[in-house]
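Presented below is the structure to which this report refers.
Number of protein chains: 2
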Amino acid sequence: MFSPTGKKVGIVGATGAVGEEIVGCLEKRGFAVSELKLFASARSAGKVKETPMGEVTIQEFSLESARDCDFVFLAVGGDFAKEYAEKLTEGSGPIVIDNSSAWRMDPDVPLVVPEINLEACKGKKLIANPNCTTAIAIMALYPLHKEFGVKKCIVSTYQAASGAGAPGMNELLDETKKYVTTGEMPANKIFAHPLPLNVIPHIDVFQENLYTKEEMKVTWETRKILDVPDMAVSCTSVRIPTMRAHSEAVTIETEKPITTESARKVLEAAAGVTLVDDPEASKYPMPLTATGKYDVEVGRVRANDVFGEHGLDFFVCGDQLLRGAALNAVLIAEGLVASGVEADAVAA
Amino acid sequence: MFSPTGKKVGIVGATGAVGEEIVGCLEKRGFAVSELKLFASARSAGKVKETPMGEVTIQEFSLESARDCDFVFLAVGGDFAKEYAEKLTEGSGPIVIDNSSAWRMDPDVPLVVPEINLEACKGKKLIANPNCTTAIAIMALYPLHKEFGVKKCIVSTYQAASGAGAPGMNELLDETKKYVTTGEMPANKIFAHPLPLNVIPHIDVFQENLYTKEEMKVTWETRKILDVPDMAVSCTSVRIPTMRAHSEAVTIETEKPITTESARKVLEAAAGVTLVDDPEASKYPMPLTATGKYDVEVGRVRANDVFGEHGLDFFVCGDQLLRGAALNAVLIAEGLVASGVEADAVAA
Numbered sequence: 001m002f003s004p005t006g007k008k009v010g011i012v013g014a015t016g017a018v019g020e021e022i023v024g025c026l027e028k029r030g031f032a033v034s035e036l037k038l039f040a041s042a043r044s045a046g047k048v049k050e051t052p053m054g055e056v057t058i059q060e061f062s063l064e065s066a067r068d069c070d071f072v073f074l075a076v077g078g079d080f081a082k083e084y085a086e087k088l089t090e091g092s093g094p095i096v097i098d099n100s101s102a103w104r105m106d107p108d109v110p111l112v113v114p115e116i117n118l119e120a121c122k123g124k125k126l127i128a129n130p131n132c133t134t135a136i137a138i139m140a141l142y143p144l145h146k147e148f149g150v151k152k153c154i155v156s157t158y159q160a161a162s163g164a165g166a167p168g169m170n171e172l173l174d175e176t177k178k179y180v181t182t183g184e185m186p187a188n189k190i191f192a193h194p195l196p197l198n199v200i201p202h203i204d205v206f207q208e209n210l211y212t213k214e215e216m217k218v219t220w221e222t223r224k225i226l227d228v229p230d231m232a233v234s235c236t237s238v239r240i241p242t243m244r245a246h247s248e249a250v251t252i253e254t255e256k257p258i259t260t261e262s263a264r265k266v267l268e269a270a271a272g273v274t275l276v277d278d279p280e281a282s283k284y285p286m287p288l289t290a291t292g293k294y295d296v297e298v299g300r301v302r303a304n305d306v307f308g309e310h311g312l313d314f315f316v317c318g319d320q321l322l323r324g325a326a327l328n329a330v331l332i333a334e335g336l337v338a339s340g341v342e343a344d345a346v347a348a
Numbered sequence: 001m002f003s004p005t006g007k008k009v010g011i012v013g014a015t016g017a018v019g020e021e022i023v024g025c026l027e028k029r030g031f032a033v034s035e036l037k038l039f040a041s042a043r044s045a046g047k048v049k050e051t052p053m054g055e056v057t058i059q060e061f062s063l064e065s066a067r068d069c070d071f072v073f074l075a076v077g078g079d080f081a082k083e084y085a086e087k088l089t090e091g092s093g094p095i096v097i098d099n100s101s102a103w104r105m106d107p108d109v110p111l112v113v114p115e116i117n118l119e120a121c122k123g124k125k126l127i128a129n130p131n132c133t134t135a136i137a138i139m140a141l142y143p144l145h146k147e148f149g150v151k152k153c154i155v156s157t158y159q160a161a162s163g164a165g166a167p168g169m170n171e172l173l174d175e176t177k178k179y180v181t182t183g184e185m186p187a188n189k190i191f192a193h194p195l196p197l198n199v200i201p202h203i204d205v206f207q208e209n210l211y212t213k214e215e216m217k218v219t220w221e222t223r224k225i226l227d228v229p230d231m232a233v234s235c236t237s238v239r240i241p242t243m244r245a246h247s248e249a250v251t252i253e254t255e256k257p258i259t260t261e262s263a264r265k266v267l268e269a270a271a272g273v274t275l276v277d278d279p280e281a282s283k284y285p286m287p288l289t290a291t292g293k294y295d296v297e298v299g300r301v302r303a304n305d306v307f308g309e310h311g312l313d314f315f316v317c318g319d320q321l322l323r324g325a326a327l328n329a330v331l332i333a334e335g336l337v338a339s340g341v342e343a344d345a346v347a348a
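As given, the protein sequences belong to chains A and B, one line each in that order.
For the first sequence, the positions run 1 to 348 when UniProt numbering is used.
For the second sequence, the positions run 1 to 348 when UniProt numbering is used.
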């Protein structure tokens with residue numbers, strides 16, 4: 001239900017996979033919304049969308065209408081965000097929470113996981129939401145870093161089709177169906193190669209150092225969010241045929257000695273984390289169980305003696321569309337309202 | 001075609017996924033076979049099997065019949081191998097190449113990848129074939145170790161259903177088909193959880209140190225094959241919804257400085273390796289391209305500065321049933337015949 005004392009919220013890219021999840025998160029988190037503006041392409045404009053808060057007519061994006069909000073979530077590409085994010089926030093404009101990579105590494109823009117560094121938002125009206133792979137792993141990395149000091153971090157990812165949005169998910173399902181029912185080889189438009197029954201170690205474009213941009217985002221963004229500019233982080237990003245939860249195998253070397261028990265204790269108490277780590281009962285993080293959950297699942301925690309008494313392995317699995325995008329963005333807005341930082345920013 | 005001057009070859013587990021591939025590898029490698037004995041369960045006995053060499057009637061395993069061979073390939077479980085492998089080799093019995101894990105870590109049994117340590121077979125009649133994950137990664141690790149000295153090795157795997165044999169492959173296909181055509185949730189008998197559109201970080205049983213046996217096999221077997229008993233190796237083994245090629249993301253720290261260029265040069269010249277590493281052209285190892293190939297594909301080669309000038313990342317993909325099992329076994333037999341080691345062993 002809309003609440004007259006709530007916030008005016010705009011979502012740009014409202015018909016995309018992330019946009020749809022933002023609406024759901026606002027409702028489920030009980031974020032008070034007085035008016036919801038759903039912006040999409042001209043093709044969708046005029047359509048009436050049922051939301052948990054009531055019916056909303058989709059509108060084509062206009063700067064004027066979007067500026068008449070308290071919060072605007074951008075769930076569109078980096079080019080759009082580059083062009084409009086600052087214009088939106090000018091003067092009396094809304095706080096903008098951008099899901100794209102456009103502003104993440106801008107030194108004037110905070111890159112925020114609310115459980116970790118909400119205070120970085122102070123006095124800022126443009127806030128960046130991290131890359132999904134970073135956002136999921138960092139829920140475990142941050143508490144471990146606080147307690148043991150992470151020196152080195154090596155990540156291998158198992159990334160779902162949802163990272164390429166609804167078209168990616170549709171391509172995986174449709175092409176899988178075609179292949180298993182007709183035997184015809186799967187085709188590809190969204191992914192670089194056919195994804196059904198395949199893995200593709202290539203997400204986003206290759207950089208000069210031969211890592212992909214997706215891999216370097218994990219390095220760059222982890223350093224920025226944890227505020228350790230020289231942390232040694234490397235990643236191999238791999239697309240696999242799953243729908244919407246990313247998994248990651250993580251190995252860390254820590255400053256202080258670390259054990260399975262001490263790490264589990266820290267993870268069990270960590271915000272946004274559910275420890276799913278009961279090997280005897282075949283319980284560990286999986287897309288099957290992590291999908292649709294707000295917390296990331298962390299398990300397969302074990303001392304890794306490649307780094308002597310300073311090594312740990314763990315496996316993390318989180319919903320790419322929720323913790324990796326929509327939920328994190330909504331939690332930022334929620335945190336700003338609760339902490340009064342929003343009022344400061346708007347007054348500033 | 002059978003060759004009167006060839007060897008008498010027995011395959012135990014001839015109707016399984018690996019057994020079938022052994023027949024194919026013998027033919028394609030031109031291994032001269034005078035007689036082929038296909039052993040399977042009583043249920044299959046009496047059936048006539050078309051092979052590239054001619055028709056063969058499947059027989060139930062008997063020690064007597066199997067001992068009347070020059071080479072016997074065991075493509076069955078560890079319990080069978082524990083019971084029969086030594087009895088087969090006794091006296092004038094055949095050379096036995098065992099695909100199970102039963103004998104791999106026995107100090108008296110050589111664990112062999114023919115391109116690496118064929119000479120370990122000298123004077124031995126029972127030879128162990130490595131675990132598939134180890135066999136695939138080690139094709140790249142060995143040449144890099146020879147040139148640069150591998151100190152630390154961290155592996156994350158993306159393992160296909162074929163690791164659980166034909167029943168595993170059938171379960172993945174059937175349950176995927178059911179799910180994408182009816183929406184009914186996938187079920188599981190072979191795997192610990194449903195595999196379609198899921199990943200399962202659990203292969204083989206958990207050990208006291210919380211690694212799975214599959215993960216520890218990579219550590220134990222890599223050390224034994226490379227003859228570096230204290231090499232620091234850790235692995236995270238993950239089952240994913242692919243059919244028969246395993247992929248692995250590997251990070252190494254080396255004794256000598258290593259660069260992308262120097263590593264690529266070594267890999268390009270390595271036996272059993274095809275360097276597939278042209279990011280600009282979207283070429284890198286994938287199950288889609290590695291399936292059915294004898295060489296393993298290695299790519300995504302790049303300096304990893306987590307280990308300064310001593311770090312390297314790469315991605316490897318190899319056919320689990322071929323390099324990970326049948327091909328390696330046939331290459332051992334081929335190497336023994338060519339080098340005369342077989343004659344020594346039989347004479348010994």
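Glycine included, every Cβ here is placed at the ideal spot set by N, Cα and C.
As the structure is a prediction and not an experimental result, all values here were calculated from the model.
Residues of chain B whose Cβ lies closer than 7 Å to the Cβ of Asn304(A) are, in chain order, Ser234.
Within the model, the alpha-carbon separation for Leu331(B) versus Gly324(B) is close to 12 Å.
Here Phe2(A) is exposed: its Cβ has fewer than 16 other Cβ atoms, across all protein chains shown, within 10 Å.
Under the DSSP assignment, Glu215(A) falls in the alpha helix (DSSP H) whose first and last residues are 213-226.
In the three-state DSSP reduction, His310(A) falls in the helix class (H, G or I). Burial state of Asn209(A) is exposed, judged by a 10 Å Cβ sphere holding fewer than 16 other Cβ atoms. Considering only Met169(B), Gly54(B), Cys317(B), the residue with the shortest C-alpha distance to Gly272(B) is Cys317(B).
Within a 10 Å sphere around the beta-carbon of Thr251(B) sit 16 or more other beta-carbons, which makes this residue buried. When the beta-carbon positions are compared, Thr133(B) and His310(B) stay at least 8 Å from each other. Short of 6 Å from the beta carbon of Glu115(A), and not among the five residues preceding or following it, lie these beta carbons of its own chain, in chain order: Ala271, Gly272. Taking Thr182(B) as reference, the option from Leu173(A), Glu184(A), Lys189(A), Ala32(A) with the minimal CA-CA separation is Leu173(A). Chain A places no beta carbon closer than 8 Å to that of Leu275(B), leaving this residue out of the contacts. For Arg302(B), the enclosing beta strand (DSSP E) has its first and last residue at 296-303.
Within chain A, the C-beta atoms nearer than 8 Å to that of His193(B) come from Ser282, Met286, Leu288, in chain order. The DSSP-derived three-state label of Leu197(A) is coil. Note that the region 184-202 of chain B does not touch the region 113-127 of chain B; fewer than 3 beta-carbon pairs, one per stretch, sit closer than 8 Å. Using a CB distance cut-off of 8 Å, Arg300(B) counts as an interface residue toward chain A. In the DSSP assignment, the residues bridged to Glu55(B) are Glu50(B).
Excluding the 5 residues flanking it on each side, Ile136(A) has same chain C-beta neighbours closer than 7 Å at His246, Glu248, Val296, Val316, Gly318, Arg323, Gly324, in chain order. Annotated as proximal: Ser162(B) and Gln320(B), with beta-carbon spacing under 8 Å. By the beta-carbon neighbour count (other beta carbons within 10 angstroms, threshold 16), Ser282(B) is exposed.
Under the rule that a run must span 4 or more residues, the alpha helix (DSSP H) segments found entirely inside the region 228-305 of chain B read 260-268, 287-290. Using a CB distance below 7 Å, the part of the region 240-255 of chain A facing chain B consists of Ile240, Pro241, Thr242, Met243, Ser247, Ala249, Thr251, ordered along the chain.
Sequence-distant Cβ neighbours of Ala81(B) in its own chain, meaning closer than 7 Å and more than five residues away, are Leu74, Asp98, Ser100, Ala102, Trp103. DSSP, reduced to helix, strand and coil, places Val72(B) within a strand of the structure shown.
Straight-line spacing of the CA atoms in Leu141(A) and Val150(A) works out to 8 Å. Of all residues in the region 196-216 of chain B, the ones placed with a Cβ closer than 7 Å to any Cβ belonging to chain A are Leu197, Asn198, Val199, Ile200, Pro201, His202, Phe206, Asn209, Leu210, Tyr211, in chain order. A contact between stretches requires three or more CB pairs, one per stretch, nearer than 8 Å, and the region 218-236 of chain B fails this requirement with the region 182-194 of chain B.
Here Asp108(A) is not bridged, per DSSP, to any residue.
Per the Cβ contact rule, the region 283-302 of chain B is not in contact with the region 223-233 of chain B (fewer than 3 Cβ pairs under 8 Å). Nearest CB-CB separation between Thr260(A) and chain B: below the 8 Å threshold. Taking CB atoms only, Val238(A) has a neighbour in chain B less than 8 Å away. The criterion of a C-beta distance shorter than 8 Å is satisfied by Val306(B) and Ala232(A). Leu118(A) sits close to Ser339(A), with the two beta carbons spaced by under 8 Å.
Within the region 129-169 of chain A, the runs of alpha helix (DSSP H) that reach at least 4 residues and sit entirely inside it are, in chain order, 132-148. Within chain B, the residues Pro201, Thr236 have their CB atoms less than 7 Å from the CB of Phe315(A), given in chain order.
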